[in-house]
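Single-structure report; data block below.
2 protein chains.
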Amino acid sequence: MTHFADRLLDQCRAKGAPVCVGLDPVLERLPEPIDTGNPAAAIERFCLGVIDAVEPYVPAVKPQSACFERYGGAGVEVFHRVVRHAKSAGLIVVSDAKRGDIGTSSAHYAAGLLAGDNGCDALTANGYLGGDGLEPFAEVAQRDGKGLFVLVRTSNPGGDAIQSLRLEDGRTVAEAVGDVVATLGQRDVGTSGYSSIGMVVGATKPEDAVALRERYPQQLFLVPGYGAQGGGAEDVRACFKPDGTGALITASRSVIYPGIDDSERAGGTAWQIRVATASEALRDAVSDILSHPTS
Amino acid sequence: MTHFADRLLDQCRAKGAPVCVGLDPVLERLPEPIDTGNPAAAIERFCLGVIDAVEPYVPAVKPQSACFERYGGAGVEVFHRVVRHAKSAGLIVVSDAKRGDIGTSSAHYAAGLLAGDNGCDALTANGYLGGDGLEPFAEVAQRDGKGLFVLVRTSNPGGDAIQSLRLEDGRTVAEAVGDVVATLGQRDVGTSGYSSIGMVVGATKPEDAVALRERYPQQLFLVPGYGAQGGGAEDVRACFKPDGTGALITASRSVIYPGIDDSERAGGTAWQIRVATASEALRDAVSDILSHPTS
Chain Z
412 MTHFADRLLD
422 QCRAKGAPVC
432 VGLDPVLERL
442 PEPIDTGNPA
452 AAIERFCLGV
462 IDAVEPYVPA
472 VKPQSACFER
482 YGGAGVEVFH
492 RVVRHAKSAG
502 LIVVSDAKRG
512 DIGTSSAHYA
522 AGLLAGDNGC
532 DALTANGYLG
542 GDGLEPFAEV
552 AQRDGKGLFV
562 LVRTSNPGGD
572 AIQSLRLEDG
582 RTVAEAVGDV
592 VATLGQRDVG
602 TSGYSSIGMV
612 VGATKPEDAV
622 ALRERYPQQL
632 FLVPGYGAQG
642 GGAEDVRACF
652 KPDGTGALIT
662 ASRSVIYPGI
672 DDSERAGGTA
682 WQIRVATASE
692 ALRDAVSDIL
702 SHPTS
Chain E
412 MTHFADRLLD
422 QCRAKGAPVC
432 VGLDPVLERL
442 PEPIDTGNPA
452 AAIERFCLGV
462 IDAVEPYVPA
472 VKPQSACFER
482 YGGAGVEVFH
492 RVVRHAKSAG
502 LIVVSDAKRG
512 DIGTSSAHYA
522 AGLLAGDNGC
532 DALTANGYLG
542 GDGLEPFAEV
552 AQRDGKGLFV
562 LVRTSNPGGD
572 AIQSLRLEDG
582 RTVAEAVGDV
592 VATLGQRDVG
602 TSGYSSIGMV
612 VGATKPEDAV
622 ALRERYPQQL
632 FLVPGYGAQG
642 GGAEDVRACF
652 KPDGTGALIT
662 ASRSVIYPGI
672 DDSERAGGTA
682 WQIRVATASE
692 ALRDAVSDIL
702 SHPTS
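Sequence lines, in order, name chains Z and E.
FYI, this note's numbering numbers position 64 of the first sequence as 475, with every residue one higher than the one before it.
FYI, this note's numbering numbers position 26 of the second sequence as 437, with every residue one higher than the one before it.
Written out as structure tokens, the structure reads:
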């Protein structure tokens, strides 16, 4: 069984850049006509189409659980089928579910979402409950070759009101959470030098990203916020080590909803070609950032 | 439309005490023989039986989403049916899902879990992403007469490593999150004086509960940790105001898994009588605590 971090880094090398396409399906933006009586089927068709379109260009996808849970049990069934389709296409699947609870409940989430052949490759989690709330996820990750990305510094403006507060001991709240994550991750470090337990660090907070990158050498960063949320090339560069490893850059809306004109809404595969092109552009942009260490 | 806090307080008065039974169904502890080929059906039968048993004695139930999600889309279907059954029995339903994301994703969670006739009465949420991540939940709560309980001080031991850290400005991290919650809640205060936006404050941290109770007069506290997790009478009392309002005490394992001897596992309703008795005992214990302000 290959360690999650080693597997992710291999895939990133094979595809040419450490990038990830977010799957955030919302009915209002789907490119094809929708049977409004069956929204879950509509988002399933869209997600499978996006996966097929981006598969040649990117190593990973990140389905947003909220978009599927919106449609109840049927939506959750679709979520699991989308995960399965992406895995069978050889993509690494990071389920963006941001789960976190006391240990006994986290164990249920880990069993249902992350464990075994039916689980995704990695899960996002919330560390506000501390180490014992994350422990069951870490155990499954180590046992099954899976990964975890714990929210440390999020990309939204409101995160500052908590995460960038300064503690008496000089650390920020984000660093206090990060320290719990780094300690938890020490026991499962791959040959790449990275742990199966990584962090979410937004591309919209570059000064923080520099400090966190320095502080947590064993943690992979899952980096949202590039593109639609405003993160640019310099912001992205701050999340990597000088050797070009250490981060997985995600983009959602800019890739899965490229400008689609109304003539294309009639269906067909024209929209998939645009999505494929957008994912190729994401890959090339990040590859370009990494090949020019100072701009 | 009645305000959530007013509705909850009315129900607590009608049933005799502000208590809530947690629905945390796990296969290993179910009282009846299980068809292992259909675990979702087994937890559904159990939860419906618990609801029917406790309904005369308690105003509210709190299904733990993780226990249902463990069984994929079928489990989530069961979750929604359990919510529906409890609501139709006149119980207030607090879905313990601890969701939290950036605003666009939180809006999907709010739509899928909280909004409208199909949604539960209240939802637990994680505030690590700050006010903009909670905003969509607060909007739905205000619009639809629903409630929110944001994690401030959790009952597990590991929570200390984050929540009790002291900030440069003298507050704890829990208070920093609490301040965001209190600000958010100001716009929707019921005639009871309580907001639709409350907090989760564990019964295992009584000194903190005293300070938080003082600091947040408009917030209802959802209080886990009584019973199985070790919180006692004094710990519970700290979560209430002198007038006996301000908290909803939850207990799960001590009520839904009372000692059941093996002869009862053959089925029938004997286990429901034990569960009913345990819920009656929970109600009486909390009622007793509240009628003796100093012990």
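Note that beta-carbon positions come from the ideal geometry of N, C-alpha and C, so glycine has one too.
Task: Interface partners of E:Ser603 on chain Z, CB under 8 Å - done: Sequence index remark: in the second sequence, residue 603 of chain E carries index 192 (1-based). Result: empty, since nearest Cβ-Cβ is about 28 Å, beyond 8 Å.
Open item on the list: To the nearest angstrom, how far is the alpha carbon of Z:Ala644 from that of Z:Ala425?
Closed with: Mapped onto the first sequence, residue 644 of chain Z falls at position 233. Mapped onto the first sequence, residue 425 of chain Z falls at position 14. Roughly 22 Å between the two C-alpha positions.
TODO: Identify which residue in Z:Val465, Z:Asp446 and Z:Ile454 has its Cα closest to the Cα of Z:Glu691.
DONE: One-based indexing of the first sequence puts residue 691 of chain Z at position 280. Residue Z:Val465 is the option with its Cα nearest to Z:Glu691.
Open item on the list: Alpha carbons only, please: which of Z:Arg481, Z:Ala522, Z:Asp654 and Z:Gly530 is nearest the one belonging to Z:Arg495?
Closed with: Here residue 495 of chain Z refers to the residue found at position 84 of the first sequence. It is Z:Gly530 whose Cα lies nearest to the Cα of Z:Arg495.
Task: Distance CB(E:Ala533)-CB(E:Val489) smaller than 8 Å - done: For the purposes of this step, residue 533 of chain E is identified with residue 122 of the second sequence, where counting begins at 1. For the purposes of this step, residue 489 of chain E is identified with residue 78 of the second sequence, where counting begins at 1. No, Cβ-Cβ distance for E:Ala533 and E:Val489 is not below 8 Å.
- [ ] Please name the residue, chosen from Z:Gln630, Z:Gly601 and Z:Ile573, that lies closest to Z:Asp590 on a Cα-to-Cα basis.
- [x] The residue labelled residue 590 of chain Z in the question sits at position 179 within the first sequence. Distances from the alpha-carbon of Z:Asp590 to those of Z:Gln630, Z:Gly601 and Z:Ile573 put Z:Gln630 closest.
Open item on the list: I'd like to know whether the C-beta atoms of Z:Ile445 and Z:Ala471 end up nearer to each other than 8 Å.
Closed with: Sequence index remark: in the first sequence, residue 445 of chain Z carries index 34 (1-based). Sequence index remark: in the first sequence, residue 471 of chain Z carries index 60 (1-based). Remark: C-beta atoms of Z:Ile445 and Z:Ala471 do not approach each other more closely than 8 Å.
Open item on the list: I'd like to know whether the C-beta atoms of Z:Leu434 and Z:Leu659 end up nearer to each other than 8 Å.
Closed with: Counted from its first residue, the first sequence places residue 434 of chain Z at position 23. Counted from its first residue, the first sequence places residue 659 of chain Z at position 248. Contact check for Z:Leu434 against Z:Leu659 fails: the beta carbons are separated by 8 Å or more.
Open item on the list: Taking 8 Å as the threshold (beta carbon to beta carbon), is E:Thr615 in contact with chain Z?
Closed with: The sequence position of residue 615 of chain E within the second sequence is 204, counting from 1. Taking Cβ atoms only, chain Z never reaches closer than 8 Å to E:Thr615, which makes this a no.
Task: CB contact below 8 Å: E:Cys478 versus chain Z - done: Taking the second sequence and counting its residues from 1, the one referred to as residue 478 of chain E is at position 67. At a cut-off of 8 Å between beta-carbon atoms, E:Cys478 makes contact with chain Z.
Task: Alpha-carbon to alpha-carbon, E:Asn567 and E:Ser706 - done: For the purposes of this step, residue 706 of chain E is taken as the residue at position 295 of the second sequence. For the purposes of this step, residue 567 of chain E is taken as the residue at position 156 of the second sequence. With a pLDDT of 49 at E:Ser706, under the threshold of 50, the modelled position of that residue is not reliable, and the figure given next carries that caveat. Near 26 Å, if we compare the C-alpha coordinates of E:Asn567 and E:Ser706.
Task: Contact list for the region 489–512 of chain E against chain Z, Cβ threshold 7 Å - done: Those would be His491, Lys509, Gly511 and Asp512, in chain order.
Task: Three-state class that DSSP yields for Z:Cys431 in the structure shown - done: Your numbering for residue 431 of chain Z matches position 20 in the first sequence. Look at Z:Cys431 here: in three-state DSSP terms it is strand.
Task: Any C-beta of chain E under 8 Å from that of Z:Ala533 - done: Stepping through the first sequence from its first residue, residue 533 of chain Z is reached at position 122. No - not a single Cβ of chain E is within 8 Å of the one on Z:Ala533.
Open item on the list: I'd like the span of the alpha helix (DSSP H) that includes E:Lys426, first residue to last.
Closed with: In the second sequence, residue 426 of chain E corresponds to position 15, counting from 1. Per DSSP, the continuous alpha helix (DSSP H) segment holding E:Lys426 begins and ends at Phe415 to Lys426.
Task: Exposed unless 16 or more other CB atoms sit within 10 angstroms - verdict on Z:Glu579 - done: Looking up residue 579 of chain Z in the first sequence gives position 168. Exposed, since its Cβ has fewer than 16 Cβ neighbours within 10 Å.
- [ ] Report the residue from E:Val584, E:Ala587, E:Leu562 and E:Asp543 whose alpha carbon sits nearest the alpha carbon of Z:Gly569.
- [x] As a first step, residue 569 of chain Z is located in the first sequence; it is residue number 158 there, counting from the start. Closest option to Z:Gly569, Cα to Cα, is E:Asp543.
Open item on the list: If you follow the alpha helix (DSSP H) that Z:Ala526 is in, where does it begin and where does it stop?
Closed with: Here the question's residue 526 of chain Z lines up with position 115 in the first sequence. It is not in any alpha helix (DSSP H) - Z:Ala526 carries neither H nor E in the DSSP assignment.
- [ ] Check whether the Cβ atoms of Z:Asp507 and E:Gly541 lie closer than 8 Å to each other.
- [x] On the first sequence, residue 507 of chain Z is found 96 positions in, with the first residue counted as 1. On the second sequence, residue 541 of chain E is found 130 positions in, with the first residue counted as 1. The Cβ atoms of Z:Asp507 and E:Gly541 do not sit closer than 8 Å to each other.
Task: Own chain, CB closer than 7 Å to E:Ala689, minus 5 neighbours either side, in chain order - done: Taking the second sequence and counting its residues from 1, the one referred to as residue 689 of chain E is at position 278. The answer, listed in chain order, is Ser665, Val666 and Pro669.
Task: Among E:Gly638, E:Ala416, E:Phe415 and E:Gly460, nearest to E:Ala687 - alpha-carbon criterion - done: Here residue 687 of chain E corresponds to residue number 276 of the second sequence, with the count starting at 1. Put simply, of E:Gly638, E:Ala416, E:Phe415 and E:Gly460 the residue whose alpha carbon is nearest the alpha carbon of E:Ala687 is E:Gly460.
Task: Ordered list of alpha helix (DSSP H) runs contained in the region 615–669 of chain E, each at least 4 residues - done: Counting whole runs of 4 or more residues, the region 615–669 of chain E contains the alpha helix (DSSP H) stretches 617–626, 644–648 and 664–667.
Task: Cβ pair E:Asp417, E:Ser603 closer than 8 Å - done: The sequence position of residue 417 of chain E within the second sequence is 6, counting from 1. The sequence position of residue 603 of chain E within the second sequence is 192, counting from 1. In this structure, the beta-carbon distance from E:Asp417 to E:Ser603 falls below 8 Å.
Open item on the list: Taking the alpha carbon of E:Gly558 as the reference point, which residue from E:Thr661, E:Arg564 and E:Tyr605 has its own alpha carbon closest?
Closed with: Here residue 558 of chain E is taken as the residue at index 147 of the second sequence, counted from 1. The residue among E:Thr661, E:Arg564 and E:Tyr605 with its C-alpha nearest the C-alpha of E:Gly558 is E:Tyr605.
Task: Among Z:Val612, Z:Ile573, Z:Asp619 and Z:Pro653, nearest to Z:Thr661 - alpha-carbon criterion - done: By 1-based counting over the first sequence, the position of residue 661 of chain Z is 250. Closest option to Z:Thr661, Cα to Cα, is Z:Val612.
Task: Buried versus exposed call for E:His491 [16 or more other C-beta atoms within 10 Å across all chains shown] - done: Within the second sequence, the letter at position 80 stands for residue 491 of chain E. Result: buried.
- [ ] Could you check the C-alpha separation between Z:Gly501 and E:Pro628 for me, to the nearest Å?
- [x] Here residue 501 of chain Z is taken as the residue at index 90 of the first sequence, counted from 1. Here residue 628 of chain E is taken as the residue at index 217 of the second sequence, counted from 1. As the crow flies, the alpha-carbon of Z:Gly501 is around 53 Å from that of E:Pro628.
Open item on the list: So for Z:Ile684, helix, strand or coil by DSSP?
Closed with: Here residue 684 of chain Z corresponds to residue number 273 of the first sequence, with the count starting at 1. The answer is helix: DSSP assigns Z:Ile684 an H, G or I state.
Open item on the list: Is the separation between the beta-carbon of E:Ala477 and that of Z:His519 shorter than 8 Å?
Closed with: Here residue 477 of chain E corresponds to residue number 66 of the second sequence, with the count starting at 1. Here residue 519 of chain Z corresponds to residue number 108 of the first sequence, with the count starting at 1. With respect to the 8 Å criterion, E:Ala477 and Z:His519 are classified as neighbours on the basis of their beta carbons.
TODO: Would you give the residue range spanned by the alpha helix (DSSP H) that Z:Ile454 belongs to?
DONE: If you number the first sequence from 1, residue 454 of chain Z lands on position 43. Unbroken alpha helix (DSSP H) run through Z:Ile454: Pro450 to Val465.
TODO: Have a look at Z:Ser702 and Z:Ala649 and give me their C-alpha separation to the nearest angstrom.
DONE: Numbered from 1 along the first sequence, position 291 holds the residue referred to as residue 702 of chain Z. Numbered from 1 along the first sequence, position 238 holds the residue referred to as residue 649 of chain Z. Straight-line measurement puts the Cα of Z:Ala649 at about 14 Å from the Cα of Z:Ser702.
TODO: Taking the CB atoms as reference points, tell me whether E:Leu633 and E:Thr535 lie closer together than 8 Å.
DONE: If you number the second sequence from 1, residue 633 of chain E lands on position 222. If you number the second sequence from 1, residue 535 of chain E lands on position 124. With a cutoff of 8 Å on beta-carbon distance, E:Leu633 and E:Thr535 are scored as near each other.
Task: Neighbourhood of E:Ile513 by C-beta, 8 Å cutoff - its chain only, sequence neighbours within 5 removed - done: In the second sequence, residue 513 of chain E corresponds to position 102, counting from 1. Once the five neighbours on either side are set aside, the close Cβ partners of E:Ile513 are Leu540, Asp543 and Gly544.
Task: Proximity test, Z:Ala644 beta-carbon vs the ligand MN heavy atom, cut-off 7 Å - done: No copy of the ligand MN appears in this structure; indeed no ligand is present at all.
Task: Residues near E:Tyr637 by beta carbon distance below 6 Å, same chain, minus five either side - done: Taking the first residue of the second sequence as 1, we reach residue 637 of chain E at position 226. For E:Tyr637, where only same-chain residues beyond five positions count, the Cβ hits under 6 Å are Ala614, Val647, Ile660 and Ala662.
- [ ] Report the three-state DSSP secondary structure of E:Ser607 (helix, strand or coil).
- [x] Residue 607 of chain E sits at position 196 when you count from the first residue of the second sequence. Of the three classes helix, strand and coil, the one that applies to E:Ser607 here is coil, per DSSP.
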